[in-house]
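Right, one structure below, let's go through it.
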Amino acid sequence: MTYTDHDMAQPILTTNSKYTPYRLKLTEGLHLKDDNWNFVSVDNSEQGTWPRVKGKLIVVGDCKHTPKEIEILPGTFNNNPGRFVLWLRCTHPPTFLPKGQTVAQIIPTWEHLEEDNIPTACPVHNITEVKPQVGCELQVGDEAINITGLLHTDMDVTVIPAKHWPSRWALENVAGHVQGIGGMQLAKQSKSVVQIKGPKGQLASLRPFVLDYREPLLGRDLMAQWGVTIDIPDPPQDFWAAVAEERPTHKLNWKTDAPVWVEQWPLSKQKLKALEELVEEQLAKGHIVETTSPWNSPVFVIRKPGKDKWRLLQDLRQINNVIEDMGSLQPGMPTPTMLPQNWKLAVIDIKDCFFHIPLHPDDAPRFAFSVPTVNREAPRKRYHWRVLPQGMKVSPIICQWYVASLLSPVRVAAEKAIIHHYMDDVLVCAPTDDVLSHALDLTINALVVAGFELQEDKVQRMPPWRYLGLEIGKRTIVPQKIGNQGQNSDPCRCPSAVWGIELGETLARPHN
(Lines of atoms letter the chains of each structure in order from A and count residues from 1; the text may use other names and numbers.)
(Lines give C-alpha, C1' and ligand atoms only; values in the text may rest on other atoms or scores of the structure.)
Protein backbone atom coordinates (compact mmCIF):
# COMPACT_ATOMS: atom_id res chain seq x y z
CA MET A 1 0.00 0.00 0.00
CA THR A 2 1.38 3.44 -0.91
CA TYR A 3 0.27 6.86 0.23
CA THR A 4 -0.18 9.77 -2.18
CA ASP A 5 0.49 13.40 -1.34
CA HIS A 6 -3.27 13.81 -1.01
CA ASP A 7 -3.37 11.03 1.59
CA MET A 8 -0.53 12.58 3.55
CA ALA A 9 -2.37 15.89 3.61
CA GLN A 10 -5.35 14.36 5.44
CA PRO A 11 -5.56 14.77 9.24
CA ILE A 12 -3.71 11.95 10.96
CA LEU A 13 -6.69 11.23 13.25
CA THR A 14 -8.81 10.10 10.31
CA THR A 15 -8.61 6.44 9.44
CA ASN A 16 -11.29 5.71 6.88
CA SER A 17 -13.19 7.33 4.05
CA LYS A 18 -15.56 9.02 6.49
CA TYR A 19 -12.65 10.53 8.42
CA THR A 20 -13.63 8.96 11.74
CA PRO A 21 -11.07 7.37 14.08
CA TYR A 22 -11.19 3.79 15.24
CA ARG A 23 -12.65 4.02 18.73
CA LEU A 24 -12.16 1.45 21.47
CA LYS A 25 -15.05 0.74 23.83
CA LEU A 26 -15.14 -1.09 27.17
CA THR A 27 -16.50 -4.63 27.11
CA GLU A 28 -17.60 -4.39 30.75
CA GLY A 29 -18.57 -1.62 33.15
CA LEU A 30 -15.74 -0.38 35.36
CA HIS A 31 -15.88 1.29 38.78
CA LEU A 32 -12.68 3.27 39.47
CA LYS A 33 -12.32 4.03 43.18
CA ASP A 34 -8.70 5.25 43.19
CA ASP A 35 -6.08 6.68 40.83
CA ASN A 36 -4.23 3.40 40.26
CA TRP A 37 -3.70 2.06 36.75
CA ASN A 38 -6.24 -0.58 35.72
CA PHE A 39 -5.99 -3.31 33.10
CA VAL A 40 -9.18 -3.41 30.99
CA SER A 41 -10.50 -5.14 27.90
CA VAL A 42 -11.84 -3.18 24.95
CA ASP A 43 -13.86 -4.22 21.93
CA ASN A 44 -12.64 -3.99 18.34
CA SER A 45 -15.33 -6.12 16.71
CA GLU A 46 -16.95 -3.21 14.85
CA GLN A 47 -13.81 -1.83 13.20
CA GLY A 48 -14.78 -2.58 9.62
CA THR A 49 -11.75 -1.29 7.70
CA TRP A 50 -8.84 -2.96 9.48
CA PRO A 51 -7.34 -4.55 6.32
CA ARG A 52 -6.87 -1.11 4.74
CA VAL A 53 -4.36 -0.02 7.37
CA LYS A 54 -0.81 -1.38 7.21
CA GLY A 55 2.07 -1.07 9.62
CA LYS A 56 1.87 -0.01 13.22
CA LEU A 57 -1.02 1.61 15.04
CA ILE A 58 -0.99 3.91 18.05
CA VAL A 59 -3.45 3.87 20.95
CA VAL A 60 -4.17 7.19 22.70
CA GLY A 61 -7.10 8.77 24.50
CA ASP A 62 -10.05 9.98 22.45
CA CYS A 63 -10.26 13.75 22.87
CA LYS A 64 -13.96 13.80 21.99
CA HIS A 65 -15.38 10.80 23.86
CA THR A 66 -12.92 9.80 26.60
CA PRO A 67 -14.05 11.35 29.93
CA LYS A 68 -11.70 14.14 30.94
CA GLU A 69 -10.81 12.45 34.24
CA ILE A 70 -9.63 9.28 32.44
CA GLU A 71 -6.00 8.86 31.37
CA ILE A 72 -4.91 6.26 28.83
CA LEU A 73 -1.41 4.76 28.75
CA PRO A 74 -0.32 5.25 25.12
CA GLY A 75 1.12 2.36 23.13
CA THR A 76 1.67 0.86 19.69
CA PHE A 77 0.78 -2.50 18.17
CA ASN A 78 0.58 -4.30 14.85
CA ASN A 79 -2.45 -4.34 12.57
CA ASN A 80 -5.63 -6.03 13.88
CA PRO A 81 -4.35 -7.91 16.95
CA GLY A 82 -7.74 -9.58 17.51
CA ARG A 83 -8.19 -8.74 21.20
CA PHE A 84 -7.26 -5.47 22.84
CA VAL A 85 -6.22 -4.79 26.39
CA LEU A 86 -5.63 -1.32 27.70
CA TRP A 87 -4.19 0.46 30.73
CA LEU A 88 -6.21 3.37 32.11
CA ARG A 89 -6.68 5.28 35.34
CA CYS A 90 -8.93 7.93 36.89
CA THR A 91 -7.29 11.21 37.93
CA HIS A 92 -10.21 12.30 40.13
CA PRO A 93 -11.83 9.15 41.61
CA PRO A 94 -14.33 7.81 42.13
CA THR A 95 -16.06 7.41 38.80
CA PHE A 96 -17.91 4.78 36.81
CA LEU A 97 -17.43 3.85 33.16
CA PRO A 98 -20.36 1.92 31.68
CA LYS A 99 -20.09 -0.92 29.20
CA GLY A 100 -19.65 0.52 25.72
CA GLN A 101 -17.94 3.72 26.91
CA THR A 102 -15.36 4.97 24.39
CA VAL A 103 -12.04 5.24 26.23
CA ALA A 104 -9.40 5.38 23.48
CA GLN A 105 -8.78 5.72 19.76
CA ILE A 106 -6.39 4.16 17.27
CA ILE A 107 -4.19 6.25 15.01
CA PRO A 108 -2.24 4.67 12.12
CA THR A 109 1.39 5.58 11.52
CA TRP A 110 2.12 6.58 7.97
CA GLU A 111 5.44 4.77 7.69
CA HIS A 112 5.64 1.34 6.08
CA LEU A 113 8.63 -0.80 7.02
CA GLU A 114 10.38 -2.19 3.97
CA GLU A 115 13.11 -3.99 5.88
CA ASP A 116 12.76 -5.84 9.14
CA ASN A 117 16.30 -5.04 10.21
CA ILE A 118 15.73 -1.28 10.58
CA PRO A 119 15.64 -0.38 14.29
CA THR A 120 12.22 1.07 15.11
CA ALA A 121 11.24 3.64 17.72
CA CYS A 122 7.55 4.53 17.86
CA PRO A 123 7.04 6.86 20.82
CA VAL A 124 3.68 8.52 21.37
CA HIS A 125 3.88 12.28 21.61
CA ASN A 126 0.68 12.77 23.57
CA ILE A 127 2.03 11.43 26.85
CA THR A 128 0.37 12.52 30.06
CA GLU A 129 2.18 13.74 33.14
CA VAL A 130 2.03 10.27 34.65
CA LYS A 131 4.29 8.05 32.53
CA PRO A 132 6.05 4.70 33.05
CA GLN A 133 9.38 6.42 33.72
CA VAL A 134 12.44 5.37 35.71
CA GLY A 135 15.55 7.20 36.76
CA CYS A 136 18.87 5.73 35.64
CA GLU A 137 22.57 6.51 35.60
CA LEU A 138 24.68 6.42 32.41
CA GLN A 139 28.40 5.93 32.89
CA VAL A 140 31.32 6.00 30.45
CA GLY A 141 34.67 5.59 32.17
CA ASP A 142 34.70 7.75 35.30
CA GLU A 143 32.04 10.16 34.09
CA ALA A 144 28.33 9.64 34.75
CA ILE A 145 25.07 11.47 34.11
CA ASN A 146 21.59 10.90 35.53
CA ILE A 147 18.49 10.93 33.36
CA THR A 148 14.85 9.90 33.60
CA GLY A 149 13.73 7.72 30.73
CA LEU A 150 10.44 6.42 29.41
CA LEU A 151 10.10 2.62 29.33
CA HIS A 152 8.80 1.63 25.91
CA THR A 153 8.37 -2.07 25.12
CA ASP A 154 7.71 -1.44 21.43
CA MET A 155 11.20 -0.02 20.84
CA ASP A 156 14.02 -2.23 19.63
CA VAL A 157 16.77 0.10 20.85
CA THR A 158 17.43 2.67 23.54
CA VAL A 159 17.49 6.29 22.37
CA ILE A 160 19.12 9.18 24.25
CA PRO A 161 18.27 12.74 23.14
CA ALA A 162 21.20 14.62 21.67
CA LYS A 163 20.60 17.49 24.09
CA HIS A 164 21.30 15.14 27.04
CA TRP A 165 24.34 13.45 25.51
CA PRO A 166 27.69 14.76 26.87
CA SER A 167 29.79 16.25 24.08
CA ARG A 168 32.85 14.44 25.42
CA TRP A 169 31.29 11.04 24.74
CA ALA A 170 32.18 10.11 21.19
CA LEU A 171 29.56 9.16 18.60
CA GLU A 172 29.77 7.43 15.27
CA ASN A 173 27.49 7.35 12.27
CA VAL A 174 25.75 4.06 11.64
CA ALA A 175 24.83 2.66 8.24
CA GLY A 176 21.06 2.86 8.16
CA HIS A 177 18.37 4.85 9.84
CA VAL A 178 16.21 4.81 12.92
CA GLN A 179 12.58 5.13 11.96
CA GLY A 180 9.79 6.55 14.11
CA ILE A 181 6.75 8.78 14.15
CA GLY A 182 8.89 11.85 13.59
CA GLY A 183 10.26 10.39 10.35
CA MET A 184 13.63 8.90 9.37
CA GLN A 185 16.79 10.11 11.09
CA LEU A 186 20.41 9.34 10.33
CA ALA A 187 21.54 7.09 13.10
CA LYS A 188 24.31 8.03 15.51
CA GLN A 189 25.49 5.60 18.12
CA SER A 190 27.83 5.74 21.06
CA LYS A 191 31.36 4.61 20.19
CA SER A 192 31.86 3.34 23.72
CA VAL A 193 29.83 0.83 25.64
CA VAL A 194 27.69 2.68 28.17
CA GLN A 195 26.88 1.14 31.53
CA ILE A 196 23.32 2.01 32.53
CA LYS A 197 22.31 1.49 36.15
CA GLY A 198 18.61 1.16 37.00
CA PRO A 199 16.71 2.47 40.04
CA LYS A 200 17.37 -0.73 42.00
CA GLY A 201 20.95 -1.24 40.91
CA GLN A 202 20.21 -3.23 37.75
CA LEU A 203 23.06 -3.02 35.25
CA ALA A 204 23.04 -3.05 31.46
CA SER A 205 25.89 -2.52 29.02
CA LEU A 206 25.01 -1.32 25.53
CA ARG A 207 25.66 1.34 22.90
CA PRO A 208 22.56 3.55 22.81
CA PHE A 209 21.47 5.55 19.80
CA VAL A 210 21.60 9.34 20.02
CA LEU A 211 18.90 11.21 18.11
CA ASP A 212 17.25 14.59 17.98
CA TYR A 213 14.39 13.76 20.34
CA ARG A 214 12.96 15.40 23.43
CA GLU A 215 13.24 12.67 26.08
CA PRO A 216 15.13 9.41 26.71
CA LEU A 217 13.42 6.28 25.43
CA LEU A 218 14.47 3.03 27.10
CA GLY A 219 14.05 0.15 24.66
CA ARG A 220 13.93 -3.62 24.87
CA ASP A 221 17.71 -3.94 24.52
CA LEU A 222 18.05 -2.24 27.90
CA MET A 223 15.03 -3.82 29.59
CA ALA A 224 16.14 -7.32 28.61
CA GLN A 225 19.44 -6.85 30.46
CA TRP A 226 17.69 -5.29 33.43
CA GLY A 227 15.28 -8.22 33.58
CA VAL A 228 12.24 -5.97 33.34
CA THR A 229 8.92 -7.81 33.49
CA ILE A 230 5.36 -6.56 33.08
CA ASP A 231 3.08 -7.91 35.78
CA ILE A 232 -0.45 -7.93 34.45
CA PRO A 233 -2.89 -9.31 37.05
CA ASP A 234 -5.78 -11.44 35.89
CA PRO A 235 -8.93 -9.34 35.80
CA PRO A 236 -11.42 -10.41 38.49
CA GLN A 237 -14.27 -12.64 37.39
CA ASP A 238 -16.79 -10.26 38.82
CA PHE A 239 -15.34 -6.82 39.36
CA TRP A 240 -18.63 -5.43 40.61
CA ALA A 241 -19.11 -8.20 43.13
CA ALA A 242 -15.79 -7.25 44.69
CA VAL A 243 -16.90 -3.64 44.87
CA ALA A 244 -20.19 -4.63 46.45
CA GLU A 245 -18.39 -6.51 49.23
CA GLU A 246 -16.92 -3.20 50.41
CA ARG A 247 -20.26 -1.52 50.99
CA PRO A 248 -20.13 1.24 53.62
CA THR A 249 -21.89 0.96 56.97
CA HIS A 250 -22.96 3.56 59.52
CA LYS A 251 -22.43 2.71 63.20
CA LEU A 252 -25.22 3.64 65.60
CA ASN A 253 -24.75 5.53 68.86
CA TRP A 254 -26.39 3.85 71.85
CA LYS A 255 -27.55 5.36 75.13
CA THR A 256 -26.84 2.09 76.94
CA ASP A 257 -25.06 -1.19 76.37
CA ALA A 258 -27.40 -3.06 78.71
CA PRO A 259 -29.37 -5.63 76.68
CA VAL A 260 -33.01 -4.83 75.98
CA TRP A 261 -35.29 -7.88 75.97
CA VAL A 262 -38.97 -7.67 75.05
CA GLU A 263 -40.63 -11.08 75.04
CA GLN A 264 -42.24 -12.37 71.84
CA TRP A 265 -46.02 -12.43 72.05
CA PRO A 266 -48.07 -15.43 70.83
CA LEU A 267 -49.16 -15.60 67.19
CA SER A 268 -52.07 -17.39 65.58
CA LYS A 269 -51.33 -20.54 63.61
CA GLN A 270 -51.92 -18.75 60.30
CA LYS A 271 -49.60 -15.87 61.20
CA LEU A 272 -46.98 -18.20 62.64
CA LYS A 273 -46.89 -20.15 59.39
CA ALA A 274 -46.54 -16.89 57.43
CA LEU A 275 -43.77 -15.78 59.80
CA GLU A 276 -41.83 -19.02 59.32
CA GLU A 277 -42.05 -18.69 55.53
CA LEU A 278 -40.92 -15.06 55.62
CA VAL A 279 -38.01 -15.90 57.94
CA GLU A 280 -36.85 -18.67 55.61
CA GLU A 281 -37.04 -16.24 52.70
CA GLN A 282 -34.98 -13.60 54.53
CA LEU A 283 -32.50 -16.24 55.68
CA ALA A 284 -32.00 -17.43 52.10
CA LYS A 285 -31.37 -13.85 50.96
CA GLY A 286 -28.77 -13.32 53.68
CA HIS A 287 -30.75 -10.55 55.36
CA ILE A 288 -30.79 -12.37 58.71
CA VAL A 289 -28.57 -14.90 60.47
CA GLU A 290 -29.07 -17.19 63.44
CA THR A 291 -28.02 -15.61 66.72
CA THR A 292 -27.59 -16.04 70.47
CA SER A 293 -27.89 -12.31 71.13
CA PRO A 294 -29.12 -11.22 74.59
CA TRP A 295 -31.33 -8.63 72.88
CA ASN A 296 -34.83 -9.40 71.66
CA SER A 297 -37.81 -7.56 70.16
CA PRO A 298 -41.11 -9.12 69.09
CA VAL A 299 -41.94 -9.71 65.44
CA PHE A 300 -45.31 -9.96 63.74
CA VAL A 301 -46.82 -10.16 60.27
CA ILE A 302 -49.56 -8.21 58.51
CA ARG A 303 -51.19 -8.92 55.20
CA LYS A 304 -50.11 -6.70 52.32
CA PRO A 305 -52.98 -4.52 51.05
CA GLY A 306 -54.89 -6.16 48.23
CA LYS A 307 -52.59 -9.19 48.08
CA ASP A 308 -52.46 -12.68 49.49
CA LYS A 309 -48.99 -11.97 50.84
CA TRP A 310 -47.62 -11.06 54.23
CA ARG A 311 -45.15 -8.45 55.46
CA LEU A 312 -42.63 -9.17 58.23
CA LEU A 313 -42.29 -6.39 60.81
CA GLN A 314 -40.56 -5.97 64.15
CA ASP A 315 -41.73 -3.93 67.13
CA LEU A 316 -38.59 -1.87 67.80
CA ARG A 317 -40.12 0.75 70.08
CA GLN A 318 -38.00 -0.25 73.09
CA ILE A 319 -34.86 -0.48 70.94
CA ASN A 320 -35.54 2.97 69.50
CA ASN A 321 -35.64 4.36 73.04
CA VAL A 322 -31.95 3.51 73.53
CA ILE A 323 -30.72 4.68 70.10
CA GLU A 324 -29.42 8.22 69.90
CA ASP A 325 -31.12 10.41 67.34
CA MET A 326 -29.39 11.47 64.14
CA GLY A 327 -29.70 14.87 62.54
CA SER A 328 -31.72 15.05 59.37
CA LEU A 329 -29.65 14.81 56.20
CA GLN A 330 -32.42 15.97 53.89
CA PRO A 331 -35.06 18.01 55.73
CA GLY A 332 -37.36 18.16 52.73
CA MET A 333 -38.12 16.54 49.42
CA PRO A 334 -36.60 17.91 46.21
CA THR A 335 -39.12 19.60 43.96
CA PRO A 336 -39.13 18.77 40.26
CA THR A 337 -40.44 22.27 39.49
CA MET A 338 -36.82 23.48 39.72
CA LEU A 339 -35.70 21.26 36.85
CA PRO A 340 -34.84 22.91 33.51
CA GLN A 341 -37.72 23.05 31.08
CA ASN A 342 -37.81 20.52 28.22
CA TRP A 343 -35.07 18.33 29.70
CA LYS A 344 -35.42 14.55 29.48
CA LEU A 345 -36.47 12.57 32.56
CA ALA A 346 -36.33 9.08 34.02
CA VAL A 347 -37.44 7.88 37.47
CA ILE A 348 -36.15 4.85 39.36
CA ASP A 349 -38.00 3.20 42.25
CA ILE A 350 -35.69 1.00 44.36
CA LYS A 351 -37.39 -2.16 45.59
CA ASP A 352 -37.10 -3.02 49.32
CA CYS A 353 -34.44 -0.38 49.82
CA PHE A 354 -33.86 -1.00 53.56
CA PHE A 355 -33.26 -4.72 53.01
CA HIS A 356 -30.22 -3.99 50.83
CA ILE A 357 -28.43 -1.61 53.19
CA PRO A 358 -26.09 -3.35 55.66
CA LEU A 359 -26.15 -2.77 59.40
CA HIS A 360 -22.83 -2.21 61.11
CA PRO A 361 -21.64 -5.62 62.42
CA ASP A 362 -21.44 -4.25 65.98
CA ASP A 363 -25.08 -3.12 65.87
CA ALA A 364 -26.66 -6.08 64.09
CA PRO A 365 -27.03 -8.43 67.14
CA ARG A 366 -29.15 -5.81 68.92
CA PHE A 367 -31.90 -6.29 66.34
CA ALA A 368 -32.62 -9.89 67.30
CA PHE A 369 -35.97 -11.65 67.37
CA SER A 370 -37.42 -15.06 68.15
CA VAL A 371 -39.69 -17.33 66.11
CA PRO A 372 -42.00 -19.17 68.55
CA THR A 373 -43.21 -22.73 68.19
CA VAL A 374 -46.74 -24.06 68.71
CA ASN A 375 -47.32 -24.86 72.38
CA ARG A 376 -43.55 -24.47 72.99
CA GLU A 377 -43.10 -27.94 71.52
CA ALA A 378 -39.47 -27.23 70.60
CA PRO A 379 -36.83 -24.59 71.31
CA ARG A 380 -37.54 -21.45 69.35
CA LYS A 381 -35.14 -20.26 66.73
CA ARG A 382 -33.52 -16.85 67.08
CA TYR A 383 -32.17 -14.52 64.41
CA HIS A 384 -30.84 -11.00 64.03
CA TRP A 385 -30.91 -8.63 61.10
CA ARG A 386 -27.86 -7.92 58.95
CA VAL A 387 -29.66 -5.16 57.02
CA LEU A 388 -31.70 -2.14 58.08
CA PRO A 389 -34.87 -3.33 59.81
CA GLN A 390 -38.11 -1.52 59.11
CA GLY A 391 -39.25 0.30 62.21
CA MET A 392 -35.84 1.49 63.42
CA LYS A 393 -36.12 5.25 63.86
CA VAL A 394 -32.86 6.15 62.11
CA SER A 395 -33.25 3.72 59.20
CA PRO A 396 -34.52 6.51 56.87
CA ILE A 397 -31.48 8.69 57.64
CA ILE A 398 -29.04 5.83 57.06
CA CYS A 399 -30.90 4.99 53.85
CA GLN A 400 -30.45 8.57 52.64
CA TRP A 401 -26.75 8.55 53.51
CA TYR A 402 -26.12 5.14 51.96
CA VAL A 403 -27.85 5.71 48.63
CA ALA A 404 -26.21 9.15 48.40
CA SER A 405 -22.77 7.53 48.81
CA LEU A 406 -23.54 5.26 45.85
CA LEU A 407 -24.76 8.11 43.67
CA SER A 408 -21.87 10.45 44.50
CA PRO A 409 -19.46 9.02 41.86
CA VAL A 410 -22.33 8.91 39.37
CA ARG A 411 -22.90 12.64 39.79
CA VAL A 412 -19.22 13.25 39.09
CA ALA A 413 -19.16 10.97 36.04
CA ALA A 414 -22.43 12.37 34.65
CA GLU A 415 -21.83 16.02 35.43
CA LYS A 416 -24.16 17.24 32.68
CA ALA A 417 -27.14 15.48 34.28
CA ILE A 418 -29.17 16.39 37.37
CA ILE A 419 -29.88 13.57 39.82
CA HIS A 420 -32.55 14.00 42.51
CA HIS A 421 -32.61 11.40 45.26
CA TYR A 422 -35.01 11.00 48.16
CA MET A 423 -35.14 7.69 50.08
CA ASP A 424 -35.81 4.96 47.50
CA ASP A 425 -36.81 7.28 44.64
CA VAL A 426 -34.23 8.59 42.17
CA LEU A 427 -34.95 11.07 39.38
CA VAL A 428 -32.44 11.55 36.54
CA CYS A 429 -32.73 14.65 34.36
CA ALA A 430 -30.56 15.53 31.36
CA PRO A 431 -30.58 17.97 28.43
CA THR A 432 -30.52 15.28 25.71
CA ASP A 433 -31.52 11.66 25.26
CA ASP A 434 -27.88 10.58 24.94
CA VAL A 435 -26.83 12.26 28.18
CA LEU A 436 -29.90 10.86 29.93
CA SER A 437 -29.19 7.33 28.70
CA HIS A 438 -25.57 7.58 29.87
CA ALA A 439 -26.49 8.98 33.30
CA LEU A 440 -29.32 6.47 33.73
CA ASP A 441 -27.02 3.55 32.90
CA LEU A 442 -24.47 4.80 35.43
CA THR A 443 -27.15 5.17 38.10
CA ILE A 444 -28.69 1.75 37.50
CA ASN A 445 -25.29 0.03 37.44
CA ALA A 446 -24.21 1.71 40.68
CA LEU A 447 -27.39 0.57 42.43
CA VAL A 448 -27.38 -2.97 41.03
CA VAL A 449 -23.72 -3.47 41.94
CA ALA A 450 -24.54 -2.51 45.53
CA GLY A 451 -27.14 -5.28 45.60
CA PHE A 452 -30.34 -3.31 45.06
CA GLU A 453 -33.15 -4.90 43.09
CA LEU A 454 -34.49 -2.80 40.22
CA GLN A 455 -37.51 -4.02 38.30
CA GLU A 456 -37.81 -2.83 34.71
CA ASP A 457 -41.39 -1.72 35.29
CA LYS A 458 -40.13 0.44 38.17
CA VAL A 459 -37.87 2.43 35.84
CA GLN A 460 -40.10 5.11 34.32
CA ARG A 461 -38.74 6.35 31.01
CA MET A 462 -41.86 7.90 29.47
CA PRO A 463 -44.39 10.47 30.73
CA PRO A 464 -46.26 10.76 32.92
CA TRP A 465 -43.57 10.18 35.56
CA ARG A 466 -44.74 9.50 39.12
CA TYR A 467 -42.29 10.84 41.67
CA LEU A 468 -42.74 11.65 45.38
CA GLY A 469 -46.51 11.93 45.15
CA LEU A 470 -46.40 14.05 42.01
CA GLU A 471 -47.33 13.26 38.45
CA ILE A 472 -44.92 14.92 36.03
CA GLY A 473 -46.05 15.48 32.47
CA LYS A 474 -44.16 17.06 29.59
CA ARG A 475 -45.42 20.50 30.60
CA THR A 476 -47.29 20.03 33.88
CA ILE A 477 -46.62 18.84 37.43
CA VAL A 478 -49.68 17.91 39.49
CA PRO A 479 -50.30 15.84 42.65
CA GLN A 480 -51.05 12.19 42.05
CA LYS A 481 -54.70 11.25 42.37
CA ILE A 482 -55.52 9.34 45.56
CA GLY A 483 -58.85 7.58 45.68
CA ASN A 484 -61.11 8.25 48.66
CA GLN A 485 -62.95 4.96 48.42
CA GLY A 486 -62.90 2.45 51.23
CA GLN A 487 -60.31 -0.23 51.65
CA ASN A 488 -62.36 -2.97 50.05
CA SER A 489 -63.29 -0.96 46.97
CA ASP A 490 -59.78 -0.10 45.81
CA PRO A 491 -57.13 -1.20 48.31
CA CYS A 492 -54.19 -0.49 45.99
CA ARG A 493 -54.90 3.23 45.67
CA CYS A 494 -53.57 4.12 49.12
CA PRO A 495 -51.53 1.18 50.46
CA SER A 496 -49.63 3.28 53.01
CA ALA A 497 -52.83 4.37 54.73
CA VAL A 498 -54.20 0.83 54.82
CA TRP A 499 -50.86 -0.48 56.10
CA GLY A 500 -50.85 2.14 58.85
CA ILE A 501 -54.36 1.15 59.97
CA GLU A 502 -53.45 -2.54 60.16
CA LEU A 503 -50.17 -1.81 61.93
CA GLY A 504 -51.92 0.27 64.56
CA GLU A 505 -54.49 -2.47 65.14
CA THR A 506 -51.76 -5.10 65.44
CA LEU A 507 -49.73 -3.15 68.01
CA ALA A 508 -52.88 -2.33 69.97
CA ARG A 509 -53.93 -6.00 70.10
CA PRO A 510 -50.69 -8.04 70.04
CA HIS A 511 -52.50 -11.17 71.27
CA ASN A 512 -54.26 -11.34 67.88
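Residues in the sequence shown are numbered from 27 upward in steps of one, following the numbering used here. Think of the CB as a built atom: it goes at the ideal place given N, C-alpha and C, for glycine as much as any other residue.
Between residue 451 and residue 504, the CB-CB gap reaches or exceeds 8 Å. Straight-line measurement puts the Cα of residue 127 at about 50 Å from the Cα of residue 217. Contact between residue 245 and residue 160 is absent: CB atoms are separated by about 13 Å, not below the 8 Å threshold. Nearest to residue 340 by C-alpha distance, out of 305, 179, 249, 318, is 305. Counting along the chain, no alpha helix (DSSP H) covers residue 51; the unbroken beta strand (DSSP E) around it starts and ends at 48-52. When the five nearest sequence neighbours on each side are left out, the beta carbons in the same chain lying within less than 8 Å of the beta carbon of residue 496 are those of 362, 503, 504, 505, 506, in order along the chain. C-alpha of residue 411 to C-alpha of residue 380: approximately 11 Å in a straight line. Sorting 121, 409, 65 by C-alpha distance to the C-alpha of residue 99 places 65 at the top. Residue pairing by DSSP puts residue 130 in a beta bridge opposite 50. Cβ contact annotation for residue 231 (same chain, cutoff 6 Å, sequence separation greater than five): 219, 221, in chain order. Per DSSP, the continuous beta strand (DSSP E) segment holding residue 446 begins and ends at 444-448.
Taking a C-beta distance under 8 Å as the contact criterion, residue 280 and residue 350 qualify as a contact pair. A contact is defined here as three or more CB-CB pairs under 8 Å, and the stretch 432-442 meets this definition with respect to the stretch 469-478.
In the structure shown, the three-state DSSP call for residue 329 is strand.
Taking the Cα positions, residue 429 is about 29 Å away from residue 319. In the three-state reduction of the DSSP assignment, residue 303 falls in the helix class, which pools H, G and I. Here DSSP, grouped into helix, strand and coil, assigns residue 174 to strand. Within 10 angstroms of the beta-carbon of residue 321 lie 16 or more other beta-carbons, which makes it buried. Ranked by Cα distance from residue 392, the options 371, 402, 343 are led by 343. In the displayed model, residue 404 falls within coil according to three-state DSSP, outside both helix and strand.
Distance check between residue 94 and each of 439, 314, 83 places 439 closest, using alpha-carbon atoms only.
In this structure, residue 238 lies near residue 188, with their beta-carbon atoms less than 8 Å apart. Residue pairing by DSSP places residue 121 opposite 58 in a beta bridge. For the set 375, 397, 458, 354, the Cα lying nearest the Cα of residue 420 is the one of 354. Spanning the alpha carbons of residue 327 and residue 384 requires a straight line of approximately 22 Å. Bounds of the beta strand (DSSP E) holding residue 493 are 491-493.
Per the DSSP secondary-structure output, residue 336 pairs in a beta bridge with 329. Annotation: the continuous beta strand (DSSP E) that includes residue 165 extends over 159-166.
With respect to the 8 Å criterion, residue 317 and residue 394 are classified as neighbours on the basis of their beta carbons. In the displayed model, residue 475 falls within a helix according to three-state DSSP. By the Cβ-count criterion, residue 55 is buried, with 16 or more other Cβ atoms from all chains shown falling within 10 Å of its own Cβ. Assignment of residue 370 by DSSP, reduced to helix, strand and coil, places it in the strand class. A direct Cα-Cα distance of roughly 48 Å separates residue 52 from residue 193.
In the assembly as shown, residue 399 is an exposed residue. Its beta-carbon has fewer than 16 other beta-carbons within 10 Å. When only Cα atoms are considered, residue 250 and residue 174 end up about 18 Å apart. With a cutoff of 8 Å on beta-carbon distance, residue 443 and residue 473 are scored as not near each other.
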